[in-house]
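In full-length UniProt numbering, the protein residues as written are 1 to 142. Idealized CB from N, CA, C, for every residue including glycine.
Written as structure tokens, this is what we have:
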């Protein structure tokens, strides 16, 4: 019946130390995202675009793939763990079913849900791992 989401003292202490380094982590993920965006040339995928005068911290790096499921399997077989972060568009989620939305009413959201695949992006991702991910994606013929 409900959950307690409050931090205990140990969690608060760890979080307060981690917050001291958040800007460094954001910069590192932004650099990884820049490398992905500049390095991925495969026409079967689209990398995120960033609007002018904005900053993105890239807690995820979502691609849009022509054939997401094949790309997902291909990358997994190459040892690259990917995730599908948004498999169901919000308007079709169980919790919103009572609102009466049907498939086809918000096609952009449905397209995104069917084509999104997130690449690894985290503090500590090594240069050779980034290069391997980029090369592997560029070699995909799906």
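In chain order, each alpha helix (DSSP H) run of at least 4 residues that lies wholly inside the stretch 15-55: Here the runs fully enclosed are 22-39.
Rounded straight-line distance, which links the Cα of residue 56 to that of residue 43: 23 angstroms
Sequence-distant residues of its chain with Cβ nearer than 6 angstroms to residue 91 (five each side left out): 101, 106
Stretch pair the stretch 125-132 + the stretch 44-64: three plus CB contacts closer than 8 angstroms: no
For residue 144, three-class secondary structure by DSSP: This structure does not reach residue 144, given that the chain is present from 1 up to 142, and the question cannot be answered.
Strand pairing of residue 108, partner residues [DSSP]: According to DSSP, residue 108 bridges with nothing at all.
Residue from 95, 75, 93 whose Cα sits closest to the Cα of residue 141: 75
DSSP state of residue 116 mapped onto helix, strand, coil: strand
When 77, 45, 51 are compared against residue 68, the one with the closest alpha-carbon: 45
DSSP state of residue 220 mapped onto helix, strand, coil: Only positions 1 to 142 of the chain appear in the structure, and residue 220 is not among them; the question remains open.
Euclidean distance between Cα positions of residue 31 and residue 39: 12 angstroms
Cβ-based burial, residue 122 [other Cβ within 10 Å; buried from 16]: exposed
beta-carbon residue 129 near the ligand HEM non-hydrogen atom, thresh 6 angstroms: Within the structure as shown, the ligand HEM is missing, as the structure has no ligands at all.
Alpha helix (DSSP H) runs contained entirely in the stretch 57-101, provided each spans 4 or more residues: 68-77
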